[in-house]
Every structure is written in structure tokens, then in C-alpha cells.
Amino acid sequence: MSHSLENQTLAFAGICQAARLVQQVARQGVIDDKEVLATTLNSILVTDAEQTADVYGGHDNLRLGYNTLIEQLNGDSNKKDAELTRYLVGVVALERKLAKRRDLMSMLGERISQVKRQLHHFDLLDEQVLANLAGIYSDIVSPIGPRIQVAGNPSFLQQPMVQHQIRALLLAGIRSAVLWRQLGGKRRHILFSRKRLVAQAQAALR
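Below, the structure is given as C-alpha cells:
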């Protein structure tokens, strides 16, 4: 996979898409577009893609992520969402800590392999599979901290299925952050290469 701006932007859009879906399910209790949810969660399981776009099944499956990236990094402060920014910063920070722990990365690989085997018997959006993905996040990623505090409607946040989806989506965000770092993405790019990232995201949506 090349360290091109196109690929870096694609991976960062993956982080943005996961964060936006976390926000949706926390506020509404459901994610309307099940295909977008499935695409985002499936990216966790794609560990041997030849092309970066294959992780998400193509650019079209990241339209929500590209649009979110544009809103968050564009100069118009009215469109920026502080809550989303917090999720993005939290995911990138957690991934940096995770990357330094080879033992945890190895455990992560083993647990993801278990989920792949589970998919021989269950659908990706089945509650048992979501619970397993959520468990990977809770057991391996969350304890290294700092914890990401998810805001939303308290009555939804108490529902186990919503909790599973949020944790599974945060794991998908971590997956995209791993990819972004592997492709040469750095935190300074978010600050100093905003215009280039936005322009690339806009080009991907055309």
C-alpha cells in the first residue's frame, strides 16, 4: 500500500466515519444505514487487503467519512463538531499507545481471528458478533486509556445493543487509525495539511 495522500485521506475518512456512527447510535439508539455500519465494522476483519480502498470495499462506502472529514477540517468553524473532534483525538491517542504494545497487538490479532471464524455461523450485525467485537475493545484497547467518554441519550446508552455497537465502532476507528499510521499519517498532518486532506476528500466524493 502506497503512502499517498489519497490513501492517507481514505484511512482518515475511515476514522471519521466510525466516530460519526458512534455519535449517531449514542444519540438516536439506531444507525439507519445498516450497509454503512456493516462496511465500517467489516474493516476490522480485513487484515490482508492489497489496496487500501479494499479495507472498506471501495471509496463509495466511505462517503459519510469523507463528508465528516470535510466538515471537521474545513475552515468553517460553524460546521465543526467539538464532540466528534474529541472522539477523533481519543481514537488516534489510543491507537498510538496500542501500537507500542506488541503483546496487545498480538492479542488483538488472535481475537479478530476468532470473530472471523464466528462469521461462518453468524451475520456480522448479529448481536453475538457485535458483543464479541465490543469485548475486544473493552478487554484490550480501553484499559490502556485515556477512556473515550461517549455522550448521547442516557436511555439509549443503557441498552446493551447500543453499548456493543459503540464499542465495536470505536474498535473500527482504532483499525482505521492503525491503517492511517501505517500509511504515514501523523497528528501534525491534521493540523498542518488540512487543506490538502479536505481537497483530497472532495475529489474522492466526485
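According to the working numbering, the stretch in the sequence shown is residues 325 to 530, in order. Note that the Cβ used here is the ideal one computed from N, Cα and C, for glycine as well.
Sufficient close CB pairs (3 or more, under 8 Å) joining the segment 488 to 507 to the segment 337 to 353: Enough Cβ pairs lie closer than 8 Å, so yes.
Within 10 angstroms of the Cβ of Ala501, are there 16 or more other Cβ atoms? Answer buried if so, exposed if not. Here the question's residue 501 lines up with position 177 in the sequence shown. Classification for Ala501: buried.
Determine the closest residue to Lys421 out of Met485, Pro470 and Arg518, with distance taken between C-alpha atoms. Here residue 421 refers to the residue found at position 97 of the sequence shown. The shortest C-alpha separation from Lys421 is found at Pro470.
Helix or strand or just coil, what does DSSP make of Phe268? Here the chain comprises residues numbered 325 to 530, so residue 268 is not present and cannot be evaluated.
Taking the alpha-carbon positions, what's the Leu449 to Ile460 distance? As a first step, residue 449 is located in the sequence shown; it is residue number 125 there, counting from the start. As a first step, residue 460 is located in the sequence shown; it is residue number 136 there, counting from the start. The straight-line gap from Cα to Cα measures roughly 16 Å.
Would you call Gly399 buried or exposed, if buried means 16 or more other Cβ atoms sit within 10 Å of its Cβ? In the sequence shown, the residue the question calls residue 399 occupies position 75. By the neighbour-count rule (16 or more Cβ atoms within 10 Å), Gly399 is not buried but exposed.
Counted within 10 angstroms of its Cβ, other Cβ atoms place Thr371 as buried (16 or more) or exposed: What you label residue 371 is simply residue 47 of the sequence shown in a count that begins at 1. Residue environment analysis places Thr371 among the exposed positions, since fewer than 16 neighbouring C-beta atoms fall within 10 angstroms of its C-beta.
Met485 versus Thr363: straight-line alpha-carbon distance, rounded: As a first step, residue 485 must be located in the sequence shown, where it is residue number 161. As a first step, residue 363 must be located in the sequence shown, where it is residue number 39. Between Met485 and Thr363, the alpha-carbon positions lie close to 18 Å from each other.
Residue closest to Ile514, alpha-carbon to alpha-carbon, out of Ser326, Asn331, Phe336 and Ser328: Locating residue 514 in the sequence shown gives position 190, where the first residue counts as 1. Nearest to Ile514 by C-alpha distance, out of Ser326, Asn331, Phe336 and Ser328, is Phe336.
Cutting at 8 Å between CB atoms, please list the residues of its own chain near Leu443, excluding the five before and the five after it. One-based indexing of the sequence shown puts residue 443 at position 119. Leu369 and Val453, listed in sequence order.
Can you name the start and end residues of the alpha helix (DSSP H) that Gln452 belongs to? By one-based count along the sequence shown, residue 452 stands at place 128. It spans Glu451 to Ile460 - the alpha helix (DSSP H) in which Gln452 sits, taken as one unbroken run.
Contact set for Asn402: own chain, Cβ-Cβ below 8 Å, skip 5 residues either direction: Position 78 of the sequence shown holds residue 402. Cβ within range, chain order: n/a, list empty.
If we ignore side chains and look at the alpha-carbon of each, how far apart do Val522 and Ser466 end up? Translated into positions along the sequence shown, residue 522 becomes position 198. Translated into positions along the sequence shown, residue 466 becomes position 142. Roughly 30 Å separates the two Cα atoms.
Taking the beta carbon of Ser367 as the centre, do at least 16 other beta carbons fall within 10 Å, making it buried, or is it exposed? Numbered from 1 along the sequence shown, position 43 holds the residue referred to as residue 367. The Cβ neighbour count for Ser367, taken over all protein chains shown within 10 Å, is at least 16; the residue is labelled buried.
Arg426 to Lys358, Cα distance in whole Å? The count along the sequence shown starts at 1 and reaches residue 426 at position 102. The count along the sequence shown starts at 1 and reaches residue 358 at position 34. Roughly 33 Å separates the two Cα atoms.
For Tyr380 and Gln483, what's the separation of their Cα atoms in angstroms? As a working mapping, residue 380 is identified with position 56 in the sequence shown. As a working mapping, residue 483 is identified with position 159 in the sequence shown. Spanning the two alpha carbons is a distance of roughly 28 Å.
If you drop the 5 nearest sequence neighbours on each side, which residues of the same chain put their C-beta closer than 6 Å to that of Arg435? Sequence index remark: in the sequence shown, residue 435 carries index 111 (1-based). Around Arg435: Ile460.
Going by CA-CA distance only, name the one from Asn331, Ile468 and Arg344 that's closest to Ala496. In the sequence shown, residue 496 corresponds to position 172, counting from 1. When each option's Cα is compared against that of Ala496, the closest is Arg344.
Whose C-alpha, out of Leu408, Ala417, Ser326 and Lys404, is nearest the C-alpha of Ala377? Position 53 of the sequence shown holds residue 377. Comparing Cα positions, the closest option is Ser326.
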